[in-house]
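**Q** Here it is: the structure, laid out below.
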Amino acid sequence: MDRRLVGLIVLAAPLLLLGCQRARSGTPPDAAQTVTPPAQPELILLTTTSTQDSGLLDVLLPDFHGRTGYRVKPIAVGSGQALQLGARGEGDVVLAHAPAAEEAWLAANHGLDRRLVMFNDFLIVGPPDDPAGVRGSPSASVALQRVASKRALFISRGDQSGTHTRERQLWRQAGIAPAGNWYQESGTGQGQSMQIASEKGGYMLTDRGTYLVLRNRLALIPLIEHTGPELLNVYHVMTVNPARGARVNAAGGEALADYLVSSSAQMLIRSFGQERFGGTLFLPAAGRALADLRPEGT
Numbered sequence: 010m011d012r013r014l015v016g017l018i019v020l021a022a023p024l025l026l027l028g029c030q031r032a033r034s035g036t037p038p039d040a041a042q043t044v045t046p047p048a049q050p051e052l053i054l055l056t057t058t059s060t061q062d063s064g065l066l067d068v069l070l071p072d073f074h075g076r077t078g079y080r081v082k083p084i085a086v087g088s089g090q091a092l093q094l095g096a097r098g099e100g101d102v103v104l105a106h107a108p109a110a111e112e113a114w115l116a117a118n119h120g121l122d123r124r125l126v127m128f129n130d131f132l133i134v135g136p137p138d139d140p141a142g143v144r145g146s147p148s149a150s151v152a153l154q155r156v157a158s159k160r161a162l163f164i165s166r167g168d169q170s171g172t173h174t175r176e177r178q179l180w181r182q183a184g185i186a187p188a189g190n191w192y193q194e195s196g197t198g199q200g201q202s203m204q205i206a207s208e209k210g211g212y213m214l215t216d217r218g219t220y221l222v223l224r225n226r227l228a229l230i231p232l233i234e235h236t237g238p239e240l241l242n243v244y245h246v247m248t249v250n251p252a253r254g255a256r257v258n259a260a261g262g263e264a265l266a267d268y269l270v271s272s273s274a275q276m277l278i279r280s281f282g283q284e285r286f287g288g289t290l291f292l293p294a295a296g297r298a299l300a301d302l303r304p305e306g307t
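For the sequence shown, counting from 1, position 18 maps to 27 in this note's numbering; every step adds exactly one.
Structure follows, in structure tokens:
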């Protein structure tokens, strides 16, 4: 055999062996390469407090960063305030749970699209001794009527958030305009508001996810749940219209919106919290119709 050919075979042998090892392990040659950072890598997510208080963002955002290179700064406020910030171009994408306000926001051309991401449900929680006797009420509206008739303490967020908006809808359905010393507004996020209700022995409306995360620290139990669509809690993602301001990162906002409805994010949403908190905090909903959404247990 030609000595030059033998030399080439000897030199090539380690490379062939390495290639075989990679083929057996299933590891592609470029697996260690990092994601190329986007041109504008900083991104602002305007979101409701429940996504942060529950810890969901701590799971989703690092995964998104690893896949895309975008660094996300979340601003967790009530849904109403998140939409206001987006209307002023002070963020790039909004994740909220106030459907009527979201539709009005889009109609005013503050955003470009709106996609369903996930859902859970609301609960009415209160002290275990249930002084207003709301346990067993056929609906949330009836439960609120009992709270009002007993003038039992009720803690409202009072912050134009998605939870506060739904609470006001339920009071209207109950035919009551709550007022008086028994009805107190906290003006804070969900976690802090529940802490106040717990310390004072009051009732309040909460999303299931935040309650499950905090329940071991609260003297509150679920009294009303699974009463139908009135307690359904849905979350949509909306990109901010770049016409709202020169600082809007339209490409980044679209990338995060696409990610939240992707199969990867939806799987993380489905599994989040099951082992640690003993229940599903959020259910994936991308591509589904609102009429088909059913919280677990219903």
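By construction, the Cβ of each residue, glycine as well, lies at the ideal position given by its N, Cα and C atoms.
In this text, all values refer to a predicted model and were calculated from it rather than measured experimentally.
Specify the secondary structure class of G198 as computed by DSSP and reduced to three states.
**A** The residue labelled residue 198 in the question sits at position 189 within the sequence shown. When DSSP states are grouped into helix, strand and coil, G198 belongs to the coil group.
**Q** Do the CB positions of T174 and A107 come within less than 8 Å of each other?
**A** Within the sequence shown, the letter at position 165 stands for residue 174. Within the sequence shown, the letter at position 98 stands for residue 107. Yes, the Cβ-Cβ distance between T174 and A107 is below 8 Å.
**Q** Could you have a look at L223 and say whether DSSP puts it in helix, strand or coil?
**A** By 1-based counting over the sequence shown, the position of residue 223 is 214. Three-state result, L223: helix.
**Q** Looking at C-beta atoms only, is the number of pairs between the segment 286-299 and the segment 83-99 that lie closer than 8 Å three or more?
**A** no
**Q** Which residue wins for smallest C-alpha separation from D138, given the options G95, A91, P231, Q49?
**A** Locating residue 138 in the sequence shown gives position 129, counting from the first residue. Per the Cα distances, P231.
**Q** Please give the ranges of any beta strand (DSSP E) in the segment 155-181, keeping only runs that are unbroken, at least 3 residues long and fully inside the region.
**A** 163-165
**Q** Specify the secondary structure class of Q193 as computed by DSSP and reduced to three states.
**A** Counted from its first residue, the sequence shown places residue 193 at position 184. Q193: strand per DSSP, three-state reduction.
**Q** Where do the ends of the alpha helix (DSSP H) carrying E263 lie?
**A** As a working mapping, residue 263 is identified with position 254 in the sequence shown. Element bounds for E263: 259-269.
**Q** Exposed or buried, which one is R33 when buried takes at least 16 other CB atoms within 10 Å?
**A** Looking up residue 33 in the sequence shown gives position 24. For R33, the predicted structure reports a pLDDT of 33, less than 50, and the residue's modelled location is therefore unreliable. A value from the coordinates is still provided. Exposed: under 16 other Cβ atoms inside 10 Å.
**Q** Please classify M213 as buried or exposed, where buried requires at least 16 other C-beta atoms within 10 Å of its C-beta.
**A** Sequence index remark: in the sequence shown, residue 213 carries index 204 (1-based). M213 should be labelled buried.
**Q** Less than 7 Å between C-beta atoms, sequence neighbours within five positions excluded: which residues of the same chain meet that for R297?
**A** Along the sequence shown, read from residue 1 onward, the residue named residue 297 stands at position 288. These residues qualify, in order along the chain: L125.
**Q** Which stretch, first to last residue, makes up the beta strand (DSSP E) that contains E234?
**A** In the sequence shown, residue 234 corresponds to position 225, counting from 1. Note, E234: premise wrong, no beta strand (DSSP E); not H, not E.
**Q** Could you tell me the boundaries of the alpha helix (DSSP H) in which D62 lies?
**A** Here the question's residue 62 lines up with position 53 in the sequence shown. Looking at the DSSP string, the run of the alpha helix (DSSP H) that includes D62 is 58-62.
**Q** Identify whether F281 lies in helix, strand or coil by the three-state DSSP scheme.
**A** On the sequence shown, residue 281 is found 272 positions in, with the first residue counted as 1. Coil, per DSSP.
**Q** Helix, strand or coil: how does DSSP classify D216 here?
**A** Start at 1 with the first residue of the sequence shown, and residue 216 comes out as number 207. Residue state, collapsed to three classes: strand.
**Q** Are the CB atoms of I233 and S170 within a distance shorter than 8 Å?
**A** Numbered from its first residue, the sequence shown carries residue 170 at position 161. Numbered from its first residue, the sequence shown carries residue 233 at position 224. The Cβ atoms of S170 and I233 lie no closer than 8 Å to each other.
**Q** Here's the rule: buried if 16 or more other CB atoms are within 10 angstroms of the residue's CB, otherwise exposed. What is R217?
**A** As a working mapping, residue 217 is identified with position 208 in the sequence shown. R217 should be labelled buried.
**Q** May I have the straight-line CA-CA distance separating Y220 from I205, to the nearest angstrom?
**A** Walking along the sequence shown from the start, residue 220 turns up at place 211. Walking along the sequence shown from the start, residue 205 turns up at place 196. Looking at the two C-alpha atoms, the distance is approximately 13 Å.
**Q** Measuring CB to CB, does A152 end up less than 8 Å from I164?
**A** In the sequence shown, the residue the question calls residue 152 occupies position 143. In the sequence shown, the residue the question calls residue 164 occupies position 155. At the C-beta level, A152 and I164 stay beyond 8 Å of one another.
**Q** Would the beta-carbon of P283 fall within 8 Å of that of D62?
**A** As a position in the sequence shown, residue 283 is number 274, starting the count at 1. As a position in the sequence shown, residue 62 is number 53, starting the count at 1. Here residue 283 is Gln; the residue named in the question, Pro, does not match the sequence. No, Cβ-Cβ distance for Q283 and D62 is not below 8 Å.
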